[in-house]
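Worksheet: one structure, shown below.
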Amino acid sequence: MTGIDDLPVRDELRGKSPYGAPQLDVPVRLNTNENPYPLPPALVERIAERVKEAARDLNRYPDRDAVELRTELAAYLSRTAGHEVSTANVWAANGSNEVLQQLLQTFGGPGRTAIGFEPSYSMHALISRGTGTGWISGPRSEDFTIDVAAACAVIAAEKPDVVFITSPNNPTGTAVGAETVLALHEAAQAAKPSMVVIDEAYGEFSHAPSLLPLIEGRPRLVLSRTMSKAFGAAGLRLGYLAADPAVVDAVQLVRLPYHLSSVTQATALAALEHTDTLLGYVEQLKTERDRLVSELRTIGYDVTASDANFIQFGRFEDAHAAWQAILDHGVLIRDNGVPGWLRVSVGTPAENDAFLEAVRRLHKEIT
Ligand code: PMP
92 MTGIDDLPVR DELRGKSPYG APQLDVPVRL NTNENPYPLP PALVERIAER
142 VKEAARDLNR YPDRDAVELR TELAAYLSRT AGHEVSTANV WAANGSNEVL
192 QQLLQTFGGP GRTAIGFEPS YSMHALISRG TGTGWISGPR SEDFTIDVAA
242 ACAVIAAEKP DVVFITSPNN PTGTAVGAET VLALHEAAQA AKPSMVVIDE
292 AYGEFSHAPS LLPLIEGRPR LVLSRTMSKA FGAAGLRLGY LAADPAVVDA
342 VQLVRLPYHL SSVTQATALA ALEHTDTLLG YVEQLKTERD RLVSELRTIG
392 YDVTASDANF IQFGRFEDAH AAWQAILDHG VLIRDNGVPG WLRVSVGTPA
442 ENDAFLEAVR RLHKEIT
């Protein structure tokens, strides 16, 4: 049988595995940071209406610049993220992964490098590799916060072209303060100057306000967001960025023509009409997140402070064995390969209770 190694695959892809969490059929799935709440019926109806309208024109290419959608995303950010932005500041693509890919295609590439502070979202390294961008693994402190002095020292030494700051960070849940972002941004400007990308995929779940206002007057600072989490629309594939209009002009150099289908644009617009209901679910998830953190601590686990819709907890001598034991109790969570720690996504109250029951049993078994 022919294998990948028999094909002339690019050297940097040889021996690598594709990104992906196990998709197992178990009663409680809390492993991919999805929103557990299905879209409300009124929104499902509205999506059907808007998609029907779009279907009438499917013989035509979509609006290549997605102007109506970018205008509504800008209005959403202006209303909820503490800073006024306009259509010209916003760009959208198929999930924030595609936004990040476009940023790396534009500002990274062969002969260039990107840095992230790990453990963090592993796709930053993978998309870097896929775009021929060298990857630099930056440090994090013991408590998973970013050590500003250490981070700035690596930026000064390595002079990366792209700096990723994930806030709240995946898989640790750690938010990054504005002062830290500003210090790293300053170091990056002194070193190169380079682009700084704040990945705020979980921004709506944070106790802290969005870092969006920091883009003002900083044309090399980009904020990346997604409708996969807070909008409960992971299946939609809609991510977006906010930045100086020059960044929006620049990513258009690499985007495929008509990359965002009319159906995607129509669906995202329908979802944005129901923002208030969806943000109501976010509030419920934040309350459940805080409940899970305190219950996990009561049971006796260490928990990393979380500003996301997931929680990192431990510590386990053998995290993978603990992951398997929890799975054996019918609850699928995530082993991100951080030694000693596991990650659970916040589900519905009933799913969270099932998870708590499973980890209580595990805690009794191992202590
Ligand atoms: N950034 C972070 C930090 C994430 O955790 C994820 C999804 N797991 C993404 C970006 C990508 O999300 P999407 O492509 O669904 O917008």
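Residue numbering for the sequence shown follows this note's numbering, beginning at 92 and increasing consecutively.
C-beta atoms are modelled at their ideal positions from N, C-alpha and C, and glycine is treated no differently.
List the endpoints of the continuous beta strand (DSSP E) containing residue i.
i	result
R434	432-436
R451	Per DSSP, R451 belongs to no beta strand (DSSP E); it is in the alpha helix (DSSP H), 440-457.
L312	312-317
S332	According to the sequence displayed, residue 332 carries Leu and not Ser. Its beta strand (DSSP E) spans residues 330-333.
M286	286-290
V181	181-184
Could you tell me if residue i is buried or exposed, where buried requires 16 or more neighbouring beta carbons within 10 angstroms of its beta carbon?
i	result
D340	exposed
T378	exposed
K77	Lying before the first or after the last residue shown, residue 77 is absent from the chain, which here runs from 92 to 458.
A299	exposed
V288	buried
L130	buried
H276	buried
I460	Examination of residue 460 is not possible in this model, given that the chain is present from 92 through 458 alone.
N150	exposed
H411	exposed
S436	buried
E125	buried
G199	buried
V108	What sits at residue 108 in the sequence shown is Ser, not Val. Classification of S108: exposed, given that the 10 Å Cβ count is below 16.
T458	exposed
State the DSSP-derived secondary structure class of residue i, mapped to helix, strand or coil.
i	result
F401	strand
V429	coil
F322	coil
A205	strand
V354	helix
V100	coil
V176	coil
V117	coil
P129	coil
E307	coil
T93	coil
G294	helix
N188	helix
A359	helix
A281	helix
T197	helix
Following the continuous alpha helix (DSSP H) through residue i, name the residue where it begins and the one where it ends.
i	result
A337	336-342
A165	158-171
A146	132-146
So, at 6 Å on beta carbons, what are the nonlocal neighbours of residue i in its own chain, with the 5 sequence-adjacent residues on each side left out?
i	result
L217	Y110
F407	A413, G431
A362	F322, A324
A145	S353, V354, A357
E295	A321, V373
F235	T263, T265, T395
L423	L115, V117, R120, N122
Q403	P262, T263, G264, T395, W432, R434
S228	E209
G330	A184, G186, S187, V190, T317
L134	H365
Got a sec? Which residues, its chain only, sit under 7 Å from residue i by beta carbon, not counting five neighbours each side?
i	result
I345	Reading off the sequence, residue 345 comes out as Val, not Ile. Cβ neighbours of V345 beyond the five flanking positions: Q193, Q196, T197.
G237	For the sequence presented, residue 237 should be read as Ile rather than Gly. For I237, where only same-chain residues beyond five positions count, the Cβ hits under 7 Å are F208, R231, V267, T271.
E291	S258, S301, L302, L314, S315, R316
P201	G223
S297	P259, A266, D398
Taking 6 Å as the cut-off, is the C-beta of residue i nearer than that to any heavy atom in the ligand COA?
i	result
N188	By its list of ligands, the structure shown excludes the ligand COA, since it contains just the ligand PMP.
Which same chain residues, not among the five before or five after residue i, have their C-beta less than 8 Å away from its C-beta?
i	result
R382	N443
E307	H174
F446	V119, L121, L383, I417, V422, I424, V435, G438
P440	E379
L327	M318, S319, T355, T358, A359, A362
At which residue ranges does the region 210-278 contain complete beta strand (DSSP E) runs of 3 or more residues, listed in the order of the chain? Fully enclosed beta strand (DSSP E) runs of 3 or longer: 225-229, 253-257.
Length at least 4, wholly inside the region 364-423: the alpha helix (DSSP H) runs in chain order: Here the runs fully enclosed are 366-390, 410-419.
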